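These notes are about the structure you will find just below.
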Amino acid sequence: MNQLGWGPWLILVAVYAAVIVRATLLERREPYARAAWLLLLVALPTIGTILYLLFGEPWVSTRFRRRTRDAYRSLLPHAPSPARDPPSPEARNAFRTCEAASNWSVTTGTTAVVAPGADEAIDAIIADIDAATATVHLSFYIWLSDRNGTRMVDAVCRAARRGVVCRIVADAIGSRALIRSPHWAAMRDAGARLCASLTVPWGIGFLAGHRTDLRNHRKIVVVDGQSTWCGSQNCADAAFLPKRRFAPWVDILIRFEGPVVRQAELIFASAWMTETGEDMRAVLAASPMPASDPSSSPPGAFPAIAVGTGPLSPASTMTNIFAAVLAAAQHSVVITTPYFAPDPPLLDAIVAAARRGVDLTIVFPNRNDSLITGAISRAYYPVLARAGARIFEFRGGLLHAKTLVVDDALVLVGSANMDRRSLDLNFENSMLVESRALALAIGEHQQRWLADSIEISPRGVTARSLPRQFVDNLLTMAAPLF
């Protein structure tokens, strides 16, 4: 102390005080999250300050925000025309919530097919790529150099060599092994245009970038502007070698055709423009727009909207979407999500649906690759059970599918989990559709997952010992930090 003097200590105290003030004043934060961070800062000043500086805010530089905003706004004129056949009154507010988040309208005339399984989904995507004549746009959070991953690489190389413009996005963290591998170089050598999304800035480079753990979690495939895939599956085998002890990873991917394809491509194109600087307006202007006129729609077509969310969206956007879909429920809700650490509004929406008599079922994985998130999920079981929700745990691997089916008619599917990362931090993409046929197809998958699940006894989770209650309450208090 005498040798160093008081200067360094005063600086540390000033930093600590500034962090507490910042954590208290930040506007884009729910009160429960603010309380959790303040509790951590008071209980563990040094560790708490370091964690807050690293992870306390979804920090994105002004420059990155401006580029993203300008790119998105410039592409909005290329959105498809509004639906002439609106959704049902029960679903209207859910669609309006997505319209407000995306700044475009629900479309009419979309059709969809659910892939039977992980390998079949990759087979079908490769078939689409092999049939491509103009463009292939791919974005994956995790792309592995396994069997399915290398097959996709080969398909991209074939398309690029025959003159198809391939724009490929892989998250710089989630797909870092592929990006550093010869497969990435092979796609570049074949002529594909590549983007390692949200690269980690070093040194003072972070001033022009973003918080390191803000990731591009989207799964988007758009081929020739005529078909798109949306769901939870990464570009990998179900065996998922980096976490093989949780395998198989059970996912869902859905192929869409119709005007919603253009919306999915706009989500891809805006991110591509932001990160690469390529102006995508001419590309979209030259691409034929899928028809949105109900008179020309194929049989079974339905209303649909694609929406991208992330740390640059207005606060609670993804929560608002989940809550609006749940609010539409009159009879039944089936939810599958691998990671469950909801904020209070989302938890309240789930509880409210169950309390008003909706038959609400939630399926979680029995074994979770995230130990902390799995424990937080189980800490919420008593709240869910007391509200009347039925809780199941899937035993056939890691159930990674993110599905929400309401009244066998309204479907929300995509990359977003019901945890803080998806609600606040990650860039996600989702599809909201109203279709009994698609709801039935996804429901068949859900019923197969339920058949391989165990139901959690409400009495078992509500009759907890005091030590268990103490631990569970600590976990739910800590949920905003994960």
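Residue numbering for the sequence shown is 1135 to 1616, as defined by my numbering. Using N, Cα and C, we set each Cβ at its ideal position, and we do this for glycine too. A quick note: this is a predicted structure, and the numbers were derived from the prediction, not measured.
Worksheet entry | CA-to-CA distance, aspartate 1606 to serine 1447, given in whole angstroms | Just so you know, the alpha carbons of serine 1447 and aspartate 1606 end up roughly 31 angstroms apart.
Item to complete: Excluding the 5 residues preceding and the 5 following glutamate 1233 in the sequence, name in chain order all residues of the same chain whose CB lies nearer than 8 angstroms to its CB.
Response: Only Ser1239, Val1240 and Ile1439 meet the Cβ criterion.
Worksheet item: How about asparagine 1563 and glycine 1392: do their beta carbons lie closer than 9 angstroms?
Response: The answer is no: Cβ separation not under 9 angstroms.
Practice prompt. Quick one: which unbroken beta strand (DSSP E) runs of 3-plus residues sit fully inside the stretch 1272-1344? Chain order, please.
Written response: You should have 1299-1305 and 1327-1331.
Worksheet item: Between alanine 1519 and leucine 1348, what straight-line distance do the alpha-carbon atoms span, to the nearest angstrom?
Response: Their Cα atoms are separated by approximately 33 angstroms.
Item to complete: Evaluate the contact criterion for the stretch 1551-1565 versus the stretch 1469-1481: three or more CB pairs, one atom per stretch, below 8 angstroms.
Response: Yes, since at least three Cβ pairs between the stretch 1551-1565 and the stretch 1469-1481 fall closer than 8 angstroms, the two stretches touch.
Worksheet item: Where do the ends of the alpha helix (DSSP H) carrying serine 1195 lie?
Response: Bounds of any alpha helix (DSSP H) do not take in serine 1195, whose DSSP letter is neither H nor E.
Fill in: Three-state secondary structure assigned by DSSP to glutamate 1161
If DSSP states are grouped into helix, strand and coil, glutamate 1161 belongs with coil.
Worksheet item: Using a beta-carbon distance below 9 angstroms, is leucine 1566 in contact with chain D?
Response: Considering every chain present, this structure includes no chain D. It has just one protein chain.
Discussion item. Just to confirm before moving on: does the CB-CB distance between tryptophan 1383 and alanine 1252 stay below 9 angstroms?
Written reply: Inclusion of tryptophan 1383 and alanine 1252 in the CB contact set at 9 angstroms is warranted, their separation being smaller than that value.
Worksheet item: Enumerated in chain order, which unbroken segments of the alpha helix (DSSP H) with a length of 4 residues or greater are wholly contained in the stretch 1215-1250?
Response: Restricting attention to alpha helix (DSSP H) runs no shorter than 4 residues, the stretch 1215-1250 encloses them at 1223-1236, ordered along the chain.
Fill in: Host beta strand (DSSP E) of glycine 1508 (start-end)
DSSP places glycine 1508 outside any beta strand (DSSP E); the residue lies instead in the alpha helix (DSSP H), whose first and last residues are 1505-1513.
Worksheet item: Is the beta carbon of arginine 1389 sitting closer than 9 angstroms to the one on serine 1361?
Response: Using a Cβ distance threshold of 9 angstroms, arginine 1389 and serine 1361 count as a contacting pair.
Worksheet entry | 9 angstroms Cβ cutoff met for proline 1250 and arginine 1396 | The Cβ atoms of proline 1250 and arginine 1396 do not sit closer than 9 angstroms to each other.
Worksheet item: According to the Cβ coordinates, are methionine 1407 and alanine 1205 closer than 9 angstroms?
Response: Their beta carbons are under 9 angstroms apart, which means methionine 1407 touches alanine 1205 by this criterion.
Worksheet entry | Rounded straight-line distance, which links the Cα of methionine 1414 to that of threonine 1507 | About 38 angstroms.
Practice prompt. Going by CA-CA distance only, name the one from Gln1367, Trp1171 and Ala1461 that's closest to arginine 1230.
Written response: Minimum Cα distance to arginine 1230 is reached at Ala1461.
Worksheet item: Since alanine 1305 and tyrosine 1275 are thought to touch, with beta carbons under 8 angstroms apart, how far apart are those beta carbons, to the nearest angstrom?
Response: What sits at residue 1305 in the sequence shown is aspartate, not alanine. About 5 angstroms; that satisfies the 8 angstroms criterion.
Item to complete: Check whether the stretch 1524-1537 touches the stretch 1495-1504, counting contact only when three or more Cβ pairs, one atom from each stretch, lie closer than 8 angstroms.
Response: Cβ pair count under 8 angstroms is three or more, so yes.
Worksheet entry | Local Cβ density within 10 Å of isoleucine 1354, reported as buried at 16 or more and exposed below that | With 16 or more Cβ atoms within 10 Å of its Cβ, isoleucine 1354 is classed as buried.
Practice prompt. Spell out the partners DSSP gives tryptophan 1383 in its beta bridges.
Written response: Bridge partners of tryptophan 1383: Leu1532.
Practice prompt. Let me know the secondary structure DSSP gives methionine 1565 once reduced to three states.
Written response: Collapsing the DSSP output to three states places methionine 1565 in a strand.
Item to complete: Provide the residue(s) that pair with methionine 1552 in DSSP beta bridges, ordered along the chain.
Response: In the DSSP output, where bridge partners are listed per residue, methionine 1552 has Phe1474.
Fill in: When Gln1464, Ala1513 and Gly1444 are compared against asparagine 1560, the one with the closest alpha-carbon
For the options Gln1464, Ala1513 and Gly1444, the alpha carbon positioned closest to that of asparagine 1560 is the one of Gly1444.
Item to complete: Name, in chain order, the residues that DSSP records as bridge partners for leucine 1375.
Response: Per DSSP, none; premise fails for leucine 1375.
Worksheet entry | Selection from Cys1329, Asp1503 and Ile1145 that minimises the alpha carbon distance to proline 1376 | Measuring from the Cα of proline 1376, the nearest candidate turns out to be Asp1503.
Worksheet item: Mind checking tryptophan 1143: buried by the 16 CB within 10 Å criterion, or exposed?
Response: Result: exposed.
Worksheet item: By Cβ distance below 7 angstroms, which residues in the same chain neighbour proline 1422 in space, the five residues on each side in sequence not counted?
Response: Cβ within range, chain order: Gly1359.
Fill in: Residues sharing a beta bridge with alanine 1438, DSSP
Answer is Thr1241 and Val1567.
Worksheet item: To the nearest whole angstrom, what separates the beta carbons of leucine 1332 and asparagine 1350, a pair I think is in contact under 8 angstroms?
Response: About 5 angstroms separates the CB atoms of leucine 1332 and asparagine 1350; that is less than 8 angstroms, so the two are in contact.
Fill in: Range of the contiguous beta strand (DSSP E) that encloses isoleucine 1263
No beta strand (DSSP E) contains isoleucine 1263, which is instead part of the alpha helix (DSSP H) from 1252-1264.
Worksheet item: Are the beta-carbon atoms belonging to phenylalanine 1545 and alanine 1573 less than 9 angstroms from one another?
Response: The question names phenylalanine, yet the displayed sequence has valine at residue 1545. It is a contact, given that the beta carbons lie within the stated cut-off.
Worksheet item: Under 9 angstroms, do glutamate 1568 and isoleucine 1525 count as touching if we go by C-beta distance?
Response: No; because the gap between Cβ atoms is not below 9 angstroms, this pair is not in contact.
Worksheet item: Pick from Ile1145, Tyr1166, Thr1284 and Ile1154: whose alpha carbon is nearest that of proline 1478?
Response: Out of Ile1145, Tyr1166, Thr1284 and Ile1154, Tyr1166 has the C-alpha closest to the C-alpha of proline 1478.
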